[in-house]
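Asker:
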Amino acid sequence: MNNILVLGGTGFVGLSVCEKLVERNGGGDGRITVPTRHPNRASHIQPLPTVEVQRWDPHDDAQLDRMVRGRHAVINLIATLHGTEEEMRRVNVDLPQRLARICAERGVRRVVHVGALGAAADAPSRYLRSKHAGEEAFAQSALDATVLRPSVIFGEHDHLMNRFAALQKLFPVMPLAAAGARFQPVWVDDVATAIVRLLHRPGAERVIECVGPTVYTLRQLVELAGRWSGHPRPVIALPDALGRLQAALFELLPGAPLISRDNLDSMKVPSVASGKAPTLEAIGIRPRALESVVPDLLGWRYGPARLDSWRALARRR
Ligand SMILES: NC(=O)c1ccc[n+]([C@@H]2O[C@H](COP(=O)([O-])OP(=O)(O)OC[C@H]3O[C@@H](n4cnc5c(N)ncnc54)[C@H](OP(=O)(O)O)[C@@H]3O)[C@@H](O)[C@H]2O)c1
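The working numbering numbers the first residue of the sequence shown as 20 and each following residue consecutively.
(1) By the three-class DSSP mapping on this structure, what secondary structure does Ser290 have?
(2) Which residue marks the beginning of the alpha helix (DSSP H) containing His132, and which one marks its end?
(3) Measuring alpha carbon to alpha carbon, tell me which residue in Arg74, Trp247 and Lys150 is nearest Met180.
(4) Quick test of the definition: if touching needs 3 or more C-beta pairs under 8 Å, does the segment 172-191 touch the segment 131-150?
(5) When DSSP labels each residue in this structure, what does Arg246 get in the three-state scheme?
(6) Is Glu106 near ligand 1 - that is, is its Cβ less than 7 Å away from at least one heavy atom of it?
(7) Taking the alpha-carbon positions, what's the Glu124 to Leu118 distance?
(8) Is Ile172 near ligand 1, judged by its Cβ being under 7 Å from some heavy atom?
(9) For Ala140, I'd like the list of residues in its chain whose CB is within less than 7 Å of its CB, leaving aside the five on either flank, ordered along the chain.
(10) At which residues does the beta strand (DSSP E) containing Glu71 begin and terminate?
(11) Return yes when the C-beta of Ala135 is under 7 Å from any heavy atom of ligand 1, and no when it is not.
(12) DSSP on Asn22, reduced to helix/strand/coil?
(13) According to DSSP, Arg168 sits in a beta bridge with which residue or residues?
(14) Under 7 Å: does the beta carbon of Ile97 sit that close to some heavy atom of ligand 1?
Spelled out as structure tokens, the structure:
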């Protein structure tokens, strides 16, 4: 497995996956290709040895075929959480379906696709329904493929705990929709380790649920982010109607919304292990707890600890 294609390798999980692949390759002759629509935004992975970044249009079959041809293994991390029905179909459904077909045609030996916990044909949100259809493209194929289904993922560059910390630094109170929604957050490093390990386990489990050791409500996550970043704020749980109004207003702002009505619909399904599928322990990973990773990350970035390095420089520690 030394010629690997990482779709979505520029993203949050992709960076950790590329780092693990490089680590495992250990200066060997491995080749890791990361296609991207925006090579100019890929400077964070460009310096990794043996990683080659290439510009592409993921919706062009000929380019997808060219990327897949000759690879031993393919990892798919591409997905969109926001966007119109059409955008979600193209990215979360059509792309995995085209990828599964081309991987089969080109005889790719191993595929790992990242789905999402809660994805189902009758899920309450567009995102989860589209993620289900994407997972099915691999589940129903004859490929040697594993689908990883994570709960929310935390880590240095996450959009979860970092965002809650940043908001609490800015605002005096936190009006929160879906405060009771349940999650079982998993560390990005554990997800990346699982992906890389699975590449080297032909015939491994078809589906693995990726969760951490503890279930939290959204309110608890926000409160922890506030406390660990040094800016704890009162959290005010919004009633459903007000939460939807808040999300509708965010959707009017330019760029990806802080939260959308479709995100709120996703949160109607607890993002926790089903108990019916193997979890990370099945492949020898004991997932790290949020408490053992995030306090340092947030304390360093948002709290007084961020000044420690300057104090040290000024010899005041
Ligand atoms: N992060 C989480 O908490 C979480 C939780 C559960 C499941 N997942 C799943 O894990 C996978 C990786 O998540 P992530 O957070 O690392 O994703 P991400 O950073 O948001 O995106 C990964 C990559 O997908 C590509 N991409 C995004 N939107 C696209 C679009 N509209 N069209 C084409 N390409 C697009 C981008 O590549 P370029 O811009 O370089 O082309 C991006 O670097 C996804 O399948 C996601 O659904 C994530």
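Cβ coordinates follow ideal geometry from the N, Cα and C atoms, glycine included.
As the structure is a prediction and not an experimental result, all values here were calculated from the model.
Answerer: The answer reads as follows:
(1) As a working mapping, residue 290 is identified with position 271 in the sequence shown. Note: Ser290 maps to strand in three-state DSSP.
(2) On the sequence shown, residue 132 is found 113 positions in, with the first residue counted as 1. First-last for His132: Arg129 to Val133, but that is the beta strand (DSSP E), not the alpha helix (DSSP H).
(3) The sequence position of residue 180 within the sequence shown is 161, counting from 1. Nearest of Arg74, Trp247 and Lys150 to Met180, Cα basis: Trp247.
(4) The segment 172-191 makes no contact with the segment 131-150; the number of CB pairs closer than 8 Å stays below 3.
(5) Position 227 of the sequence shown, counting from 1, holds the residue named residue 246. Three-state result, Arg246: helix.
(6) Looking up residue 106 in the sequence shown gives position 87. Because some heavy atom of ligand 1 lies under 7 Å away, the Cβ of Glu106 counts as near it: yes.
(7) Indexing the sequence shown from 1 puts residue 124 at position 105. Indexing the sequence shown from 1 puts residue 118 at position 99. Straight across, the Cα-Cα distance linking Glu124 with Leu118 is about 10 Å.
(8) Your numbering for residue 172 matches position 153 in the sequence shown. It does: the Cβ of Ile172 is within 7 Å (strictly closer) of some heavy atom of ligand 1.
(9) Taking the sequence shown and counting its residues from 1, the one referred to as residue 140 is at position 121. Arg148 and His151, listed in sequence order.
(10) As a position in the sequence shown, residue 71 is number 52, starting the count at 1. DSSP places Glu71 inside the beta strand (DSSP E), whose first and last residues are Val70 to Arg74.
(11) Counting from 1 along the sequence shown, the entry for residue 135 is found at position 116. Yes - ligand 1 has a heavy atom lying nearer than 7 Å to the Cβ of Ala135.
(12) Within the sequence shown, numbered from 1, the residue matching residue 22 stands at position 3. If DSSP states are grouped into helix, strand and coil, Asn22 belongs with the strands.
(13) One-based indexing of the sequence shown puts residue 168 at position 149. Paired residue(s): Glu228.
(14) For the purposes of this step, residue 97 is taken as residue 78 along the sequence shown, with counting starting at 1. It does: the Cβ of Ile97 is within 7 Å (strictly closer) of some heavy atom of ligand 1.
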